[in-house]
Amino acid sequence: MSEPLLDIRRLKKYFPIKSGLLNRTVGQVKAVDDISITIRPGETFGLVGESGSGKSTVGRTAIRLTDKTEGEVAFKGVDLYALPPQELRKLRPKLQLIFQDPYSSLNPRVRVGDAIGEALLEHGLASKDEVRDRVLDVLSLCGLSSYHIDRFPHEFSGGQRQRIGIARALVLNPELIVADEPVSALDVSIQAQIINLFRRLQETNGLTYLFISHDLSVVEHLCSRVGVMYLGSMAETASRDDLFREPLHPYTKALLSAVPIPIPKLKRERIVLKGDIPNPANPPSGCKFHTRCPFAVARCAEERPEFRHVGGERYVACHLV
């Protein structure tokens with residue numbers, strides 16, 4: 008088995024809650040609470056969960072766009088949080104992020120060619136004379152035409168703007184791309200085009216993805232391994248086939264029960280979770296999911312389950328498994 012490209016160990020990210028005239032810290036939002044993930048070169052690791060579960064914070068903290076509270080993040084064996092600013096800057100081109108909203112991540116006053124090429128100049132990876140050719144190459148790779156280079160973001164459709172976001176990440180020749188809900192704002196037909204583009208780029212460029220999504224149908228199509236998050240913690244990780252064939256954690260079962268079935272005659276038991284996701288500033292004691300779990304027992308409210316190995320590539324945090 009190959010060494011991990013990205014190795015996240017016991018990662019925590021807490022945001023302080025300020026209050027009063029003196030702006031004192033009165034609490035903490037536990038956005039990411041003790042997460043461990045390993046991603047191997049060339050694979051796509053899917054991270055799923057409800058809105059507010061901490062998926063995006065994991066992605067941003069994993070590439071040090073947001074500072075951690077505790078834990079370790081290693082890229083190719085190098086601790087990202089131990090690097091001085093100059094060394095981290097040299098590594099930045101290898102770690103790229105594709106934003107959820109393709110329009111808000113682009114400056115409406117900057118032409119697309121300049122938006123894509125500015126990072127090449129900033130990192131000294133190309134001269135001014137070379138930038139235009141590099142940008143044209145990556146636009147073509149992402150399915151856009153050469154005349155798009157001089158247009159502004161408002162002149163593109165949603166799918167085209169997402170391709171521009173992908174091109175902006177690819178132009179630096181990265182090794183790891185964190186894709187944060189990259190297709191959630193797009194029409195279904197455009198989603199399929201973008202997903203196929205992701206797969207084609209992975210095959211041709213050897214890319215590794217941390218793919219963040221709440222759409223399990225997309226995750227099943229694209230990812231090789233999947234992690235399920237709930238309220239800042241990992242509920243279950245497994246290979247895609249194992250997870251979709253036999254989910255073990257009650258939360259995973261509930262998520263999968265909501266996925267539409269392509270064959271109408273087939274029926275699946277729908278598991279409807281009670282209530283809303285709890286406040287991450289005041290999470291429940293014991294297992295965080297016990298307040299909504301239909302199978303919870305007394306132990307679930309008292310003791311936090313260990314995230315343990317249960318065979319193969321599967322890990323689960325549940326007293327009932």
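Residue numbering for the sequence shown follows the numbering used here, starting at 8 and increasing by one per position. Every residue, glycine too, gets a C-beta built ideally from N, C-alpha and C.
Around the CB of Leu28, fewer than 16 other CB atoms lie within 10 Å, so the residue is classed as exposed. Beyond the five residues adjoining it in sequence on each side, Gly165 comes within less than 7 Å, by CB distance, of Pro109, Ala192, Leu193, Ile197 in the same chain, given in chain order. For Leu143, the CB contacts under 7 Å within the same chain, skipping 5 residues up- and downstream, are Ser153, Ile156 in chain order. Taking 4 residues as the shortest admissible run, the stretch 160-230 contains the following complete alpha helix (DSSP H) segments, listed from N- to C-terminal end: 165-177, 195-212, 223-229. Annotation: the continuous alpha helix (DSSP H) that includes Pro257 extends over 257-264. Minimum Cα-Cα distance from Phe52 among the listed residues Gly66, Pro91, Pro301 corresponds to Gly66.
Contact check for Ser231 against Arg247 passes: the beta carbons are separated by less than 8 Å. If you draw a straight line from the Cα of Ile173 to the Cα of Ile105, it comes to about 6 Å. Between Val304 and Arg315, the gap from beta carbon to beta carbon reaches 8 Å or more. In its chain, beyond the 5 residues on either side, Ile24, Ser26 have a beta carbon closer than 6 Å to the beta carbon of Val33. Comparing alpha carbon positions, the residue from Thr76, Asp283, Leu214 closest to Val39 is Thr76.
Apart from the 5 residues on each side of it in sequence, Gly61 sits with its Cβ closer than 7 Å to the Cβ of Ala38, Val39, Met236, Gly239 in its chain, given in chain order. Within the same chain, Cβ atoms closer than 7 Å to the Cβ of Cys307 are found at Gly293, Cys294, His297, Cys300, His326, the five residues on either side in sequence being excluded.
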